[in-house]
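Protein chains in written order, with this note's numbering: chain E, 1 to 298; chain R, 1 to 230.
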């Protein structure tokens, strides 16, 4: 099992309370995923020449201020560091490749969770409530988000194995289901030069889409290739800078339910995560068909 | 008729279900309204009294599962496995139903006004199912007995490995499963269909607009000509 939630707020007036609207959605998926939780939040963009790097340290006593100072000193460039417990968002105008190389050299123990102009990622082990409290999910402000509650069935319970996963700037994916050919996919993709961080099956699906898009596929074509090559059950929810996208496997093994309203689009594994949303009675509530791609734009 | 109201916002579901599992004598003829189901699982499961239950909203998984005698109306949609293994009575979903609606049900009538998901009526064993909309793929998989009326379309693999259930489809069938074939509707079948349409609020729909499907009975026994397929 696992729970997925997605929320895209169409009414600009509600965007400052997206975190509050989302909280009962995530908590509603606790029984489906009590061991870890994660959230990708799309905020207002940083300056056009800058990028945000979501970092995870493992240890709660990590000295983020020192990292910020070291970064500015070594690279002679300004950087902003915003710590939240064992996560931090580093904002700088330096090229991602250089940032990655510097992090690898000076802070090899850190995980780089995401890179982008809008997206921040927080993920950790614990119940959805614990993880949400730790990173103050309820005060998130932004346009759209992708969240996940995990019940691990095939790989370890660690923050790195939690969802969302990323496959490019401002691009993330969460997954409910399991893949039986994750190992062979991983071996195939590693030969193509795709790097992996974990042995997680969702990461294999994510890297598969990353590889297809690197080869020139748009998301729809990449997902069509996915139908051929991903062997298993999946509901995949993806977030990009301007949209949410959803797809279910051809056998509809894993659930999803959608509420479309003038003010928002909400997606969850089950209706109980949507029941509290404002004016839900007047939303169009439906189940997405298997093997069909659904996209909602801002 | 006496009407009792339960609000799942304030009353634990277990207490509501325990009340509904009370002595049949005291429940018979009662009307029960369950408010704010908000997608909760297992609402009104295992009923076995002549009670009329209305669920005012969307129900979660397994709503009205194992139903006997009771009438359960869900005013919203139903999650996976609505009326699974129903024995008798009526379950009426006014919205859509998710996967495996009416799975393995032995008897009674399941009415779904909207669409139903994949594997609707899987392994049905005698229930009557009427779906006002369309059904997903692999519906009536290994259906053994009962009647299944679909006013809309059916997905892939309808009636795969079917035994003796009767399937009536008004719309398009994307594909038939193994050993499922179109049948000629005889007068008796037409009467069954007409009765079910009437009972499920579709009296205005002509039985003549349906095609009937059933088992070709080639998979009943091992046949040496099929050995290569194993």
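Note that CB positions come from ideal geometry on N, CA and C, so glycine has one too.
Fair warning: this is a prediction, and the values are worked out from it, not measured in the lab.
- Residues of the stretch 12-40 of chain R with a Cβ closer than 7 Å to any Cβ of chain E, in chain order: 38, 39 and 40.
- For the C-beta of residue 295 of chain E, not a single chain R residue is nearer than 8 Å; the gap to the nearest is close to 21 Å.
- Using beta-carbon distances, residue 221 of chain R does not count as an interface residue toward chain E, since no partner is under 8 Å.
- For residue 209 of chain R, no Cβ of chain E is located within less than 8 Å of the residue's own Cβ.
- Taking C-beta atoms as the reference points, residue 55 of chain E and residue 90 of chain E count as a pair closer than 8 Å.
- Taking a contact as a CB-CB distance under 8 Å, the pair residue 92 of chain E and residue 50 of chain E counts as one, their CB atoms being some 6 Å apart.
- Residue-level contact by beta carbon fails for residue 33 of chain E and chain R, as no gap is shorter than 8 Å.
- When beta bridges are read from the DSSP output, residue 176 of chain R appears opposite R:158.
- Residue 117 of chain E and residue 86 of chain E have their C-alpha atoms spaced approximately 21 Å apart.
- Residue pairing by DSSP places residue 99 of chain R in no beta bridge whatsoever.
- Of the candidates R:178, R:179, R:116 and R:174, R:116 places its Cα closest to the Cα of residue 148 of chain R.
- For the stretch 248-259 of chain E, the residues whose beta carbon sits under 9 Å from a beta carbon of chain R are, in order, 250, 251, 252, 253, 255 and 257.
- With respect to the C-alpha of residue 33 of chain E, the residue from E:186, E:227, E:206 and E:177 having the closest C-alpha is E:177.
- Short of 8 Å from the beta carbon of residue 298 of chain E, and not among the five residues preceding or following it, lie these beta carbons of its own chain, in chain order: 8, 10, 143, 144, 242 and 243.
- The beta-carbon separation of residue 149 of chain E and residue 128 of chain E, rounded to 5 Å, stays under the 8 Å limit for a contact.
- Residues of the stretch 267-289 of chain E whose Cβ lies closer than 8 Å to any Cβ of chain R, in chain order: 270, 271, 272, 273, 274, 275, 276, 285, 286, 287 and 289.
- The DSSP-derived three-state label of residue 239 of chain E is strand.
- Close CB contacts of residue 38 of chain E within its chain, under the 8 Å cut and outside five residues either way in sequence, are with 121, 122, 123, 124, 131, 147, 148, 150, 162, 163, 164 and 174 (chain order).
- Inter-segment contact for the stretch 225-238 of chain E and the stretch 187-205 of chain E is present: three or more beta-carbon pairs are separated by less than 8 Å.
- The secondary-structure analysis by DSSP pairs residue 206 of chain E with nothing; it has no beta-bridge partner.
- Under the three-state reduction of DSSP output, residue 28 of chain E falls in the helix class.
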